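Residue numbers (full-length UniProt numbering), protein chains in the order written: chain A, 1 to 286; chain B, 1 to 246.
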Amino acid sequence: MNFLTFIEATFQYDFLQKALITSVMVGIICGVIGCFIILRGMSLMGDAISHAVLPGVAISYLLGINFFIGAVVTGLLTALGIGFVSQNSRIKNDTAIGILFTSAFALGIILISFLRSSSDLYHILFGNVLAVRPSDMWMTLIIGIIVLGAIYLFYKELLVTSFDPTMAAAYGLSTRLVHYLLMTMLTLVTVASLQTVGIILVVAMLITPAATAYLLTNRLSRMIFLSAGFGTISSIVGLYFSFTYNLSSGASIVLVATALFALVFVFSPRHGLLRKWKSSKKELTT
Amino acid sequence: MYAIEVEQLNVSYFETTALEKLSVRFTAGQLVGIIGPNGAGKSTFIKAIMGLIPAGAKTITLLGQSTKEARTRVAYVPQRSAIDWDFPIRVLDAVLIGCYPKLGLFKRPTKQHRALAVACLERVGMQDYANRQIGELSGGQQQRVFLARALAQEAELLLLDEPFVGVDAGSERVIIDLLRTLRNEGKTIVVVHHDLSKAADYFDTLMLLNRQLVAVGPPKDVLHAKTIEGAYGNSLAFLQKVEVTS
């Protein structure tokens with residue numbers, strides 16, 4: 001099946017339409033949030049928070065509440081726990097992250113295995129975009145609007161706390177509050193991504209498109225749009241491969257994102273490998 | 001009115017004392033240099049009075065107000081090493097950040113703010129670099145851009161942490177001239193400085209620290225062989241390089 005028939009199929013099949021809309025939204029919001037994650041050197045934190053959502057999802061099933069309430073609670077508790085451990089001991093931040101997110105994840109696995117079948121666990125971990133229900137799609141859209149709206153409103157604060165947190169604190173901005181705002185958005189984005197890429201691979205959607213964009217521009221605003229663009233392309237092309245060759249949707253989307261990164265890594269006009277080789281050759285000859 | 005008034009300031013990191021029982025007052029409208037050996041608590045002092053690190057003190061007032069009230073009247077320029085110079089931001093946008101404190105939540109910089117940022121870049125002679133990414137500049141140029149950002153804050157008190165480190169002679173000239181002009185406009189400027197050789201030439205008042213106050217006053221009084229030796233120890237090789245009045 002070629003790409004055009006895939007596009008035709010999306011008009012024909014309702015499930016495919018929902019899958020496409022959901023994954024494009026996920027591509028956009030992950031791409032946008034991801035820019036701030038990588039610029040703050042928080043890639044590992046992104047990985048941690050996405051995993052920490054699992055026990056929250058399990059507890060929500062147990063209590064019969066909407067699972068994104070539980071996800072936000074355990075995601076934020078883990079973020080607070082990481083801050084607490086690293087500030088109140090000689091343990092470094094990355095170690096604190098490693099301890100806390102693996103514990104949260106382990107707890108989540110046990111809770112889920114009590115409550116649900118193993119295929120449910122598999123879908124939460126790796127996503128199953130072709131089984132997106134209308135309610136999932138709407139939830140993703142609503143989360144998307146909330147997250148994009150928050151980034152628009154707090155753009156200034158996110159920019160200054162990422163670029164120069166000391167100056168931000170000096171003029172009275174609570175860098176801690178901005179940090180936890182970002183962590184909240186991160187848990188929301190993870191929940192929105194459960195169906196498309198799953199918990200394990202969502203970090204790739206946060207980091208890879210943003211890193212690709214980072215290699216192409218020197219302006220944050222452009223980086224955000226480029227990153228959202230790369231996320232979108234990855235989602236559409238990844239979904240195409242997933243649908244056509246019956247591959248895992250999350251894994252296909254992530255590999256497309258990686259392929260885009262590889263291309264840019266080599267050919268970026270500003271920061272690409274080729275450019276570096278050329279300029280080092282020039283230095284040698286002159 | 002005092003620009004800075006500090007009584008009984010104590011700062012410690014975990015078990016180690018960084019600053020102890022420091023009391024000092026600076027009148028407004030002067031150029032103050034903070035000197036002292038490595039680890040003497042120079043940067044700690046300005047971070048503590050800005051409330052950036054936990055500190056205990058009887059009083060800390062800036063421009064006659066508490067730090068919290070005075071924040072928007074003070075501009076703080078961090079050490080160059082504290083900044084990620086690969087950050088995707090252009091020179092003009094970096095200067096524009098200086099307008100953020102007065103903007104408040106949800107408001108975007110307007111044309112007037114842009115004009116102010118351009119004017120501040122002109123004052124440091126960096127207007128031709130407005131569209132460059134900040135990492136493409138030399139150390140001295142980067143420092144000038146950050147000074148332009150502090151100008152955009154339109155503050156009455158400027159705190160600069162090691163502004164002359166890794167800076168070429170030309171930029172150093174531009175920066176010190178501008179600091180003097182600002183002082184003549186009535187602003188107070190406090191500079192953490194490590195190069196004793198120019199300290200007497202640059203500053204109206206010097207504060208010599210070594211985890212506590214060693215000396216404060218006009219440079220000729222502070223740069224005595226005895227006080228310097230007290231703070232820096234018997235590093236005579238170092239002393240010879242410095243023109244010390246004894």
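From the three backbone atoms N, C-alpha and C, an ideal C-beta is built for every residue, glycine too. Computed from a predicted model, the values in this text were never measured in an experiment.
Please check the pair residue i and residue j, which I expect to be a contact at CB under 8 Å, by giving their CB distance rounded to whole angstroms.
{"i": "residue 108 (chain A)", "j": "residue 58 (chain A)", "result": "5 Å"}
{"i": "residue 179 (chain A)", "j": "residue 101 (chain A)", "result": "About 16 Å separates the two Cβ atoms, so there is no contact after all."}
{"i": "residue 191 (chain B)", "j": "residue 32 (chain B)", "result": "7 Å"}
{"i": "residue 215 (chain A)", "j": "residue 234 (chain A)", "result": "Not really, about 15 Å apart at Cβ, beyond 8 Å."}
{"i": "residue 144 (chain B)", "j": "residue 165 (chain B)", "result": "Not confirmed; about 14 Å, so no contact."}
{"i": "residue 115 (chain A)", "j": "residue 61 (chain A)", "result": "5 Å"}
{"i": "residue 231 (chain B)", "j": "residue 219 (chain B)", "result": "Residue 231 (chain B) to residue 219 (chain B), Cβ: 14 Å. No contact."}
{"i": "residue 63 (chain B)", "j": "residue 156 (chain B)", "result": "6 Å"}
{"i": "residue 138 (chain B)", "j": "residue 79 (chain B)", "result": "Actually they are not in contact, since the Cβ atoms of residue 138 (chain B) and residue 79 (chain B) sit about 16 Å apart, beyond 8 Å."}
{"i": "residue 210 (chain A)", "j": "residue 70 (chain A)", "result": "Not really, about 27 Å apart at Cβ, beyond 8 Å."}
{"i": "residue 29 (chain A)", "j": "residue 148 (chain A)", "result": "7 Å"}
From the DSSP output, read off the bridge partner residues of residue i.
{"i": "residue 26 (chain B)", "result": "B:4"}
{"i": "residue 178 (chain B)", "result": "In the DSSP output, where bridge partners are listed per residue, residue 178 (chain B) has none listed."}
{"i": "residue 12 (chain B)", "result": "B:17"}
{"i": "residue 189 (chain B)", "result": "B:31, B:158"}
{"i": "residue 61 (chain B)", "result": "B:5, B:66"}
{"i": "residue 216 (chain A)", "result": "Paired residues: none, contrary to the question."}
{"i": "residue 205 (chain B)", "result": "B:32"}
{"i": "residue 133 (chain B)", "result": "B:90"}
Starting from the Cα of residue i, find the closest Cα among the options and give me that residue.
{"i": "residue 69 (chain B)", "options": "A:10, A:148, A:170", "result": "A:170"}
{"i": "residue 160 (chain A)", "options": "B:87, B:15, B:54, B:2", "result": "B:87"}
{"i": "residue 3 (chain A)", "options": "A:103, A:266, A:237", "result": "A:237"}
{"i": "residue 80 (chain A)", "options": "A:63, A:233, A:187", "result": "A:187"}
{"i": "residue 127 (chain B)", "options": "B:95, B:170, B:156", "result": "B:95"}
{"i": "residue 154 (chain A)", "options": "A:173, A:199, A:203", "result": "A:173"}
{"i": "residue 150 (chain A)", "options": "B:10, B:106, B:41", "result": "B:106"}
{"i": "residue 163 (chain B)", "options": "B:146, B:18, B:217, B:58", "result": "B:146"}
{"i": "residue 110 (chain B)", "options": "A:271, A:11, A:156", "result": "A:156"}
{"i": "residue 196 (chain A)", "options": "A:6, A:34, A:18", "result": "A:18"}
{"i": "residue 68 (chain A)", "options": "A:77, A:13, A:56", "result": "A:56"}
{"i": "residue 227 (chain A)", "options": "A:242, A:258, A:240", "result": "A:258"}
{"i": "residue 48 (chain B)", "options": "B:153, B:193, B:159", "result": "B:159"}
{"i": "residue 148 (chain B)", "options": "B:77, B:198, B:82, B:195", "result": "B:77"}
{"i": "residue 43 (chain A)", "options": "A:207, A:245, A:231, A:9", "result": "A:207"}
{"i": "residue 133 (chain A)", "options": "A:6, A:251, A:16, A:264", "result": "A:16"}
{"i": "residue 121 (chain B)", "options": "B:198, B:210, B:174", "result": "B:174"}
{"i": "residue 7 (chain A)", "options": "A:240, A:263, A:158, A:253", "result": "A:240"}
{"i": "residue 172 (chain B)", "options": "B:150, B:198, B:154", "result": "B:198"}
{"i": "residue 158 (chain A)", "options": "A:176, A:21, A:143, A:273", "result": "A:176"}
Less than 8 Å between CB atoms is the rule here; does residue i satisfy it with respect to chain D?
{"i": "residue 110 (chain B)", "result": "Absent here is chain D; the protein component of the structure consists of chains A and B."}
Practice problem: Could you please tell me which residues of the region 35 to 51 of chain B, in chain order, have their CB closer than 9 Å to any CB of chain A? | Solution: Listed by position, the residues of the region 35 to 51 of chain B near chain A (Cβ gap below 9 Å) are 47, 50, 51.
Self-check item: the region 90 to 97 of chain B contacting the region 131 to 139 of chain B, beta-carbon criterion three pairs below 8 Å
Solution: Contact between the region 90 to 97 of chain B and the region 131 to 139 of chain B is present: three or more C-beta pairs spanning the two stretches fall below 8 Å.
Practice problem: Please list the residues of the region 123 to 152 of chain B that have a C-beta atom closer than 7 Å to any C-beta atom in chain A, keeping them in chain order. | Solution: 133: these are the residues of the region 123 to 152 of chain B whose beta carbon lies less than 7 Å from some beta carbon of chain A, given in chain order.
Quiz item: the region 213 to 225 of chain A: which residues have C-beta closer than 7 Å to a C-beta of chain B, in chain order?
Solution: Those residues of the region 213 to 225 of chain A that come within reach of chain B (Cβ to Cβ, closer than 7 Å) are 214, 217, 218, 219, 220, 223.
Quiz item: Per the contact definition of three or more C-beta pairs closer than 8 Å, is the region 182 to 201 of chain A in contact with the region 137 to 146 of chain A?
Solution: Result yes; three or more Cβ-Cβ pairs closer than 8 Å.
Quiz item: For the region 79 to 90 of chain B, which residues have a beta carbon sitting closer than 7 Å to at least one beta carbon of chain A?
Solution: Contact annotation: in the region 79 to 90 of chain B, residues whose CB is within less than 7 Å of a CB in chain A are 82, 83, 87, 88, 89, 90.
Quiz item: At a cut of 8 Å, does the region 31 to 42 of chain A reach the region 87 to 96 of chain A through at least three beta carbon pairs?
Solution: The region 31 to 42 of chain A is not in contact with the region 87 to 96 of chain A.
Quiz item: If contact means a Cβ-Cβ distance below 7 Å, which residues of the region 154 to 180 of chain A contact chain B?
Solution: Listed in sequence order: 156, 160, 163, 164, 166, 167, 169, 170, 171, 172.
Self-check item: Members of the region 32 to 60 of chain A that neighbour chain B once the beta carbon cut-off is set at 7 Å
Solution: Across the region 32 to 60 of chain A, CB contacts with chain B closer than 7 Å involve 39, in sequence order along the chain.
Exercise. Return the residues of the region 170 to 185 of chain B that lie within a Cβ-Cβ distance of less than 7 Å from chain A, sorted by chain order.
Key: Result list empty, no residue passes.
Practice problem: For the region 3 to 33 of chain B, enumerate the residues whose C-beta is nearer than 7 Å to any C-beta of chain A, in chain order. | Solution: Those would be none; no residue qualifies.
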